[in-house]
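Student: The structure is given below, and queries will be raised subsequently.
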Amino acid sequence: MKDENLVAYCGLYCGDCYNYTGSIADMARDLRKELRKNKFTEVAKAMPFKEFDNYPECYECLGAMVKLRCKGCRDGFRSKFCKIAKCAQKKEYQGCWECDEFQTCQKFDFLKPIHKEANMKNLRKIKKQGIDGFLEGKRHW
1220 MKDENLVAYC GLYCGDCYNY TGSIADMARD LRKELRKNKF TEVAKAMPFK
1270 EFDNYPECYE CLGAMVKLRC KGCRDGFRSK FCKIAKCAQK KEYQGCWECD
1320 EFQTCQKFDF LKPIHKEANM KNLRKIKKQG IDGFLEGKRH W
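Numbering (our numbering), first residue to last: 1220 to 1360.
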């Protein structure tokens, strides 16, 4: 069963996101734990590979990935920083699909490098089929 509260204002489904599922955060946490267990800081220093010169930065990057967690765009915290969420909330919309201008809205531009047109396809589907129809069918990510 899909949760309608996980439909983001922009049309993406938070339940499909690695930040919501914690999949990358969990893997990064587990890898850091395994690296510590095997004293890989010392192993990296002893390895004859130039790439291991960057091991400290790699380990720190994994630490940042451990923090990639989110409760969804409607939890209140994340939406404070999102121009899309702020706009929808100001207009008292459940989501951007209720807005007549969503097809040309530039607030979505930051999503394009990762999601391409996924959220726009989802928004059109929600506008046509409603939230329940969207949740039952194929979603784009």
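Backbone N, C-alpha and C define an ideal beta-carbon position, used for all residues, glycine too.
#1: Would you check if there are 3 or more beta carbon pairs closer than 8 Å linking the segment 1228-1243 to the segment 1299-1313?
#2: Return the Cβ separation of lysine 1290 and lysine 1326 in integer angstroms, given the expectation that the two are a contact with Cβ distance under 8 Å.
#3: Report all residues from its chain with a CB closer than 8 Å to the CB of lysine 1286; omit the five preceding and five following residues, and keep chain order.
#4: What residues are listed by DSSP as bridge partners for tyrosine 1232?
#5: Where leucine 1250 and glutamate 1270 are concerned, what is the direct C-alpha to C-alpha distance, given to the nearest angstrom?
#6: If you measure between the beta carbons of histidine 1359 and lysine 1340, is that distance less than 7 Å?
#7: What residue from Asp1222, Phe1300, Phe1268, Asn1338 has the CA that sits closest to threonine 1323's CA?
#8: Can you grab the Cα-Cα spacing for the pair alanine 1307 / arginine 1293, in whole Å?
#9: Quick one: what does DSSP say proline 1332 is sitting in, helix, strand or coil?
Tutor: Per the coordinate set shown:
#1: A contact exists between the segment 1228-1243 and the segment 1299-1313.
#2: Counted from its first residue, the sequence shown places residue 1290 at position 71. Counted from its first residue, the sequence shown places residue 1326 at position 107. With 8 Å as the limit, lysine 1290 and lysine 1326 do not qualify as a contact, their Cβ atoms being about 22 Å apart.
#3: Translated into the one-based positions of the sequence shown, residue 1286 becomes position 67. Shown here for lysine 1286: same chain residues with a beta carbon closer than 8 Å to its own, the five before and five after excluded, namely Ala1244 in chain order.
#4: Taking the sequence shown and counting its residues from 1, the one referred to as residue 1232 is at position 13. Per DSSP, the beta-bridge partners of tyrosine 1232 are Val1226.
#5: Within the sequence shown, the letter at position 31 stands for residue 1250. Within the sequence shown, the letter at position 51 stands for residue 1270. Going from the Cα of leucine 1250 to the Cα of glutamate 1270 covers about 18 Å.
#6: Looking up residue 1359 in the sequence shown gives position 140. Looking up residue 1340 in the sequence shown gives position 121. For histidine 1359 and lysine 1340, yes; Cβs fall inside 7 Å.
#7: As a working mapping, residue 1323 is identified with position 104 in the sequence shown. If we check each option's Cα against that of threonine 1323, Asn1338 comes out closest.
#8: On the sequence shown, residue 1307 is found 88 positions in, with the first residue counted as 1. On the sequence shown, residue 1293 is found 74 positions in, with the first residue counted as 1. Near 11 Å, if we compare the C-alpha coordinates of arginine 1293 and alanine 1307.
#9: The residue you call residue 1332 lines up with position 113 of the sequence shown. The three-state secondary structure of proline 1332, taken from DSSP, is helix.
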